[in-house]
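Throughout the sequence shown, residue numbering follows mature numbering (1 follows the signal peptide of the UniProt record, and there is no 0), covering -20 to -1, 1 to 182 in sequence.
Glycine included, every Cβ here is placed at the ideal spot set by N, Cα and C.
Keep in mind it's a predicted model, so treat the numbers as computed, not measured.
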Amino acid sequence: MMQSIFIGISLAVIANIAVAQNSTECKPNEVYTNCGTCENTCETRDQPCTMECRPAGCYCPRDGFVRDGAGNCVPDSTCPSGSPPTNFNPCIGYICPTGQRCIPRRVQCFVPPCYPIPVCVPSDCNNPSEPTPTCQPNEVYTTCGSCESTCDNLHPICTLECRPPGCYCPQGDFVRLANGSCAPAGTCPITVRPITLPTPIP
């Protein structure tokens, strides 16, 4: 008898949780998920995401939809083809993990139009009381670091995850050499692969 009552109470609790989750109303095109992920925007389509779960909530599906500048989830076919508006803010509607905030970040432009991308940085970053460190030649200081190019990998695929604040080698135009210095990409040695001749048949 007691076992039946316990099972009945457990089922009722599970049902209430399910109803509570389903009662969360999302905006058009959004879906509710317990394990959120980064969302696509017009300027960050097909960018890789980390496997980290973001807080449960309504998210814009990465397949065929983007989060626009107004925070709405719209089909990716609606992305503008011209230059970004002067008041474009990629952080609108972008959700950062607890303890972090979103800042717009400009990217190296290869094929216009190019938009700033939303990146998450620690909330206590960029403290005005702390002086900006002096970097080595060709390096730049940033509060949201990214992966760097090397002679072996001139175009690495970087995630949107922020690395610690510090001096970084600008990706694309510069590379991090084996000795730790930051140099123009044109200084990389040209690698010639050896030619392997077929073994003669006796």
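ask   = With which residues is THR122 paired in a DSSP beta bridge?
value = Paired residue(s): GLY146.
Same chain, Cβ closer than 7 Å to ARG34, neighbours up to 5 away in sequence not counted = Cβ neighbours of ARG34 beyond the five flanking positions: GLY16, THR17, ILE75 and PRO77.
query = What residue from CYS131, VAL101, VAL54 and GLN151 has the CA that sits closest to GLU119's CA?
reply = Between GLU119 and the set CYS131, VAL101, VAL54 and GLN151, the nearest pair of CA atoms involves GLN151.
ask   = Is the Cβ-Cβ distance between ILE83 and GLY51 less than 7 Å?
value = no
Strand pairing of THR13, partner residues [DSSP] = Answer is GLY37.
key: Where ALA50 falls: helix, strand or coil (DSSP)   = coil
task = Work out the CA separation of PHE45 and LYS7 for me, nearest whole Å.
result = 13 Å
Whole-angstrom distance between CYS149 and GLY49, CA atom to CA atom = 30 Å
key: Given ARG156 as reference, the closest of THR139, CYS147, THR167 and SER129 once Cα atoms are compared   = SER129
request  = Can you tell me which of SER103, GLY146, ASN9 and TYR121 puts its alpha carbon nearest to the alpha carbon of GLY79?
outcome  = SER103
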